[in-house]
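Peer 1: For reference, the structure I am asking about is given below.
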Amino acid sequence: KLYDSFVIAIKGNWGTGKTFFWNKFKEENLKEKPYAYVSLFGKDSISDIKKDVIIQISVKDKHLSTVSEKIKDIKTTLGFKEYDSNFGLSGSLLSAAMSLFQKKEFKDVVICIDDFERKSSKLDIKDILGYLSQLKEQFGCQIVLILNEDKISNDDGTYKDYKEKIVDFEYTYNPSVEEAYKIIEIELLDFKIEFKEYCSKVNLNNIRIMKKI
800 KLYDSFVIAI
810 KGNWGTGKTF
820 FWNKFKEENL
830 KEKPYAYVSL
840 FGKDSISDIK
850 KDVIIQISVK
860 DKHLSTVSEK
870 IKDIKTTLGF
880 KEYDSNFGLS
890 GSLLSAAMSL
900 FQKKEFKDVV
910 ICIDDFERKS
920 SKLDIKDILG
930 YLSQLKEQFG
940 CQIVLILNED
950 KISNDDGTYK
960 DYKEKIVDFE
970 YTYNPSVEEA
980 YKIIEIELLD
990 FKIEFKEYCS
1000 KVNLNNIRIM
1010 KKI
């Protein structure tokens, strides 16, 4: 492979189906591959993101037995039940847990970071992108970054500067009216032809607005 690890940025306006695209992609392509999906909406710290990634990988991936065993050992040590998916790792405990994992255990793991522009004000752009760089460079992960770039508060140019250092590929997700209509067509009970004509007339490809209408 030309790239064993990389960061792909999928940009696009709100409501156009970027997350829908990711969900379809993972269903069709990641059945046998470990992955984690993390929305930055509601996350207040890098520790929250790291914990989410570690837990998802350990739960979903049957091949990473060593990761699962380590998570189980950590839970047992801290007095949590085996299937408790939110066992409170934070601060130094999280750092200690991360140190147990080796590069080979994260190799080729796909990690999707969504809602980048909805990050908490407590999260620094440099810290987020620095963590993604670590996952790519040190752990060999494949990162998918989903965002509406136009909505990022970036007065000092931080995002642009750091993005150029770690993002390998950028794609703009801008579905046609026809493509967006196909996604919501199944939810329409009647007036399908009329609604499709209306969307074409006003050039509407925002799935969220289509559903509201």
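Under the working numbering, the residues of the sequence shown are numbered 800 to 1012, in order. Idealized CB from N, CA, C, for every residue including glycine.
For a test of the three-state rule: what should DSSP assign to residue 863, helix, strand or coil?
Peer 2: The count along the sequence shown starts at 1 and reaches residue 863 at position 64. With a pLDDT of 46 at residue 863, under the threshold of 50, the predicted position of this residue should be treated as unreliable, though the coordinate-derived value follows. Looking at residue 863 - three-state DSSP - the assignment turns out to be coil, as it is neither helix nor strand.
Peer 1: Out of 926, 947 and 806, which has the shortest C-alpha to C-alpha gap to residue 815?
Peer 2: Here residue 815 is taken as the residue at index 16 of the sequence shown, counted from 1. Of the listed residues, the one whose Cα sits closest to residue 815 is 947.
Peer 1: Quick check on residue 958: buried or exposed, where buried means 16 or more other Cβ atoms within 10 Å of its Cβ?
Peer 2: Start at 1 with the first residue of the sequence shown, and residue 958 comes out as number 159. Looking at its Cβ environment, which holds 16 or more other Cβ atoms inside 10 Å, residue 958 is buried.
Peer 1: Over what stretch of residues does the alpha helix (DSSP H) that includes residue 809 continue unbroken?
Peer 2: Mapped onto the sequence shown, residue 809 falls at position 10. Premise fails: residue 809 lies in the beta strand (DSSP E), 805 to 810, not in any alpha helix (DSSP H).
Peer 1: With a threshold of 8 angstroms on Cβ separation, who are the neighbours of residue 818 within its own chain once the five nearest residues in sequence on each side are excluded?
Peer 2: Residue 818 sits at position 19 when you count from the first residue of the sequence shown. Within the same chain, residue 818 has close Cβ partners 913 and 945.
Peer 1: Entirely within the segment 962 to 988 and at least 4 residues each: give me those alpha helix (DSSP H) ranges in chain order.
Peer 2: You should have 976 to 983.
Peer 1: Using C-beta distances below 6 angstroms, list every residue in its chain close to residue 851, excluding the 5 sequence neighbours before and after it, in chain order.
Peer 2: As a first step, residue 851 must be located in the sequence shown, where it is residue number 52. Counting only Cβ-Cβ distances below 6 angstroms, and skipping sequence neighbours, we find 837.
Peer 1: Please identify the residue among 854, 919 and 982 whose C-alpha is closest to the C-alpha of residue 822.
Peer 2: Translated into the one-based positions of the sequence shown, residue 822 becomes position 23. Per the Cα distances, 982.
Peer 1: By a C-beta neighbour count over all protein chains shown, 10 Å radius and 16 as the cutoff for buried, is residue 967 buried or exposed?
Peer 2: Within the sequence shown, the letter at position 168 stands for residue 967. Residue 967 should be labelled exposed.
Peer 1: Quick check on this structure: which residue in 965, 835 and 918 has the alpha carbon closest to the alpha carbon of residue 937?
Peer 2: The count along the sequence shown starts at 1 and reaches residue 937 at position 138. The candidate whose alpha carbon is nearest that of residue 937 is 965.
Peer 1: From residue 1006 to residue 951, what does the alpha carbon distance come to, in whole angstroms?
Peer 2: Taking the sequence shown and counting its residues from 1, the one referred to as residue 1006 is at position 207. Taking the sequence shown and counting its residues from 1, the one referred to as residue 951 is at position 152. Roughly 21 angstroms separates the two Cα atoms.
Peer 1: For the beta strand (DSSP E) containing residue 946, list its first residue and its last residue.
Peer 2: On the sequence shown, position 147 is the one that residue 946 refers to. Its beta strand (DSSP E) spans residues 941 to 946.
Peer 1: Mind listing, in chain order, the continuous beta strand (DSSP E) runs of no fewer than 3 residues lying wholly within the segment 827 to 856?
Peer 2: Runs found: 834 to 838.
Peer 1: Pull up the CB-CB distance for residue 929 and residue 803, whole angstroms please, since I reckon it's below 8 angstroms.
Peer 2: By one-based count along the sequence shown, residue 929 stands at place 130. By one-based count along the sequence shown, residue 803 stands at place 4. About 20 angstroms separates the two Cβ atoms, so there is no contact after all.
Peer 1: In the DSSP output, which residue or residues are listed as bridge partners for residue 909?
Peer 2: As a working mapping, residue 909 is identified with position 110 in the sequence shown. 834 and 941, per the DSSP bridge assignment.
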